[in-house]
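Colleague:
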C-alpha cells in the first residue's frame, strides 16, 4: 500500500463496514486502497486497472443475478435491463448511496470537476468490485451486499420501464449485438404545440426500421420509437 | 436435460475431453447440453441465456489474464487487446480449433447459413464458458485450458499489432468509454494508383480528431488513422 498511515486504514475499514464486509479476512487491502485512488492522485498507482476488471465483474454479476431471479425472461429483455444496471448512472447512484466519494484520494482540482463526477463515482464503484473479486477470485464478497441493490433496481425497471431511457438501452443493445448505433429520423407532422402526435419518429438499424413512435416533442417521439423497437426485440428474443 | 440419449452424453463427453475436462465432477451436464443447442433446434431451451452470461465471462477472464500477465501495460492497451480477445472472430477461431461445431444441435436450415457461421461459433463458445462458469461459480473450469489460448493470442497481438484490425479495436474502445462510434473522413489527394499517400484520413470522436493516416486505399488510410489514434490513446492511458 502506498499510504500506510492508520488514517487511511480507518478509511478503508469504514468503506468495508458500509458494504457489510468489515470482518472479512480475505479482503486484499492493497487493492481496496488502489480502488479508492483517483488517477489525479497517483498517475501510476490508481484505480484504472481495477476499473477495467470491475467493468466486467458488474456485467457478469448482473447476468448471473438476472438469470437466477428471472429465469423465464427472454434474452433481449435481459440485455436491456443489464444495460441499465451497469450504466454509469446506476453505479454512481450506488456509490453515492454508500457515501463512498469522501474516501476517494484525488487532487483538489479533480474534486472540483462537477461534470466528471458521475463517471468518477461509477469508475470508483467498478474498481471496488474489481478489488473484491480479485480478493477471492469469485463473487463471494460481492453478491451478499450487491444482490439487494440489483433486486431493487431491476424490480423498478420491470415495474415501470418508462422510468428508464429506452434510447440508451436500445443503443447498448445494438452496440452489443450489431456493433453499430441506431439512427432516428424525425418528421414534424403538425405544428400545434402540445399535440401528442406532433412528431413521428422512426428508428433504424443497419438499413432496417426497428420501430415507430409519436410524441409532442422530437425527443418524446424518439423515445416512443425506441420503446416500440424494444417491445419487438423482447418478443423475438435477441434479434429485432 | 432435454435429450437424454446416450449418443448425446457421448457428444458432451467428447467436447469436455477436447477442453481437458472429461474427469471433472462439478460440471453441470444440463448446462453443457444447453450451451450446445442452437435456437433453431429449440426456441426455448437453447444457448441464448448462457451466451448472455458467457459474454461477460470472457470479458472478465480476459481482464484477469491481462492484469496478471502484463501488469505494467496501461489500461488503454488492455482495452484494445481485450477487444480482440473477446471478438467474434477470435472466439469463433477457438471454437473451430477445438472442432466444436459438429456437436451443436441445430436445424439443417441453420447449418446451411454460411454467413452466420462466425457468429454461431462465437455464441456457442460463449455459452460453453457460461455453462462452465455456472458449474462452479468461478473460473476454475475455464482458466486451466483458456489461459494458453489467451496467452498465444495476446502475444501475437503485442508482437505485431498490425496483424489486427485497428478500426475494430478503436470502435470497441470508443463504445466502451464514450458510448459512441468513431467517424472517418477520407480525402483523395492524388489520383495515382499505388501512391502510398493517395488518401488521407482523419478519425473523429465527439467532435475531436483522434488521429490521422495515409494510405494507397481508402481503407488503408482509415486503418492508419485508427492506428495513430491508438498509439496516442496508449500513451495517455484510457483517454484520447
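Residue numbers (our numbering), protein chains in the order written: chain A, 57 to 296; chain B, 57 to 296. Heads up, the beta-carbon is just placed ideally off N, CA and C, and yes, glycines get one too.
(1) Which residues of the stretch 165-195 of chain B have a Cβ closer than 9 Å to any Cβ of chain A? Give them in chain order.
(2) Would you check if the distance between the CB atom of residue 234/A and the CB atom of residue 206/A is smaller than 9 Å?
(3) Output needed for residue 274/B: all residues of its chain with C-beta closer than 7 Å, excluding positions within five of it in sequence on either side, in chain order.
(4) Starting from the Cα of residue 211/B, find the closest Cα among 157/B, 141/B, 181/B, 183/B and give me that residue.
(5) How big is the Cα-Cα spacing for residue 137/B and residue 251/A?
(6) Does DSSP classify residue 264/B as helix, strand or coil?
(7) Whose C-alpha, out of 271/A, 265/A, 272/A, is nearest the C-alpha of residue 286/A?
(8) At a Cβ threshold of 9 Å, is residue 57/A touching chain B?
(9) To the nearest angstrom, how far is it from the Cα of residue 135/A to the Cα of residue 177/B?
(10) So who's on the other strand from residue 93/A, going by DSSP bridges?
(11) Does any C-beta atom of chain A lie closer than 9 Å to the C-beta of residue 296/B?
(12) Do residue 272/A and residue 249/A count as a contact pair if the criterion is CB distance below 9 Å?
(13) Under 9 Å between C-beta atoms, does residue 232/A make it to chain B?
(14) How many angstroms separate the CA atom of residue 120/B from the CA atom of residue 109/A?
(15) Are the C-beta of residue 289/A and some C-beta of chain B separated by less than 9 Å?
(16) Between the beta-carbon of residue 202/B and the beta-carbon of residue 139/B, is there less than 9 Å?
(17) Taking the CB atoms as reference points, tell me whether residue 167/A and residue 106/A lie closer together than 9 Å.
(18) To which residues does DSSP link residue 255/B through a beta bridge?
(19) Which residues share a DSSP beta bridge with residue 194/A?
(20) Quick check: the Cα distance between residue 161/A and residue 129/A, rounded to an integer number of angstroms?
(21) DSSP state of residue 78/B, grouped into three classes?
(22) Going along chain A, which residues have a C-beta under 7 Å from residue 275/B?
(23) Pick helix, strand or coil for residue 293/B, following the three-state DSSP scheme.
(24) Starting from residue 146/A, trace the alpha helix (DSSP H) both ways and give me its first and last residue.
(25) Excluding the 5 residues flanking residue 190/A on each side, which residues of the same chain have their C-beta closer than 8 Å to its C-beta?
(26) Note down, in chain order, all residues in the stretch 240-268 of chain B with a beta-carbon under 8 Å from any beta-carbon belonging to chain A.
(27) Do residue 209/A and residue 282/A have their CB atoms nearer than 9 Å?
(28) Below 9 Å between beta carbons: does that hold for residue 115/B and residue 111/A?
(29) Where does residue 57/B fall in DSSP's three states?
(30) For residue 192/B and residue 276/A, I'd like the C-alpha separation in whole angstroms.
(31) Around the Cβ of residue 76/B, are there at least 16 other Cβ atoms within 10 angstroms (buried) or fewer (exposed)?
(32) Just checking my contact of residue 92/A with residue 159/A at CB under 8 Å: how many whole Å lie between their CB atoms?
(33) Note down, in chain order, each residue of its chain lying with its Cβ closer than 6 Å to the Cβ of residue 148/B, except the 5 sequence neighbours on either side.
Modeller: Inspection of the coordinates gives the following:
(1) 186, 189, 190, 192, 193, 194, 195
(2) no
(3) 242, 255
(4) 141/B
(5) 50 Å
(6) strand
(7) 265/A
(8) Note that residue 57/A has pLDDT 49, beneath the 50 cutoff, so the model's placement of it is unreliable and the number below is only indicative. Output row for residue 57/A: interface = no.
(9) 20 Å
(10) 161/A
(11) Legend: pLDDT at residue 296/B = 39, less than 50; position of this residue unreliable, value from coordinates given subsequently. It does not: the Cβ of residue 296/B has no partner Cβ on chain A nearer than 9 Å.
(12) yes
(13) yes
(14) 7 Å
(15) no
(16) no
(17) no
(18) 244/B, 271/B
(19) 194/B
(20) 41 Å
(21) coil
(22) By Cβ distance, chain A contributes nothing, its closest Cβ being about 17 Å from residue 275/B, past 7 Å.
(23) Residue confidence is low: residue 293/B scores 45 on pLDDT, short of 50, so the model does not pin down where it sits. Its coordinate-derived value is still stated next. In this structure, residue 293/B counts as coil in the three-state DSSP scheme.
(24) 144-153
(25) 84, 87, 106, 109
(26) none
(27) no
(28) yes
(29) Residue confidence for residue 57/B is low, a pLDDT of 48 falling below 50, so the modelled location carries little weight; the figure read from the coordinates is stated next. DSSP places residue 57/B in coil when its eight states are reduced to three.
(30) 45 Å
(31) exposed
(32) 5 Å
(33) 174, 177, 178
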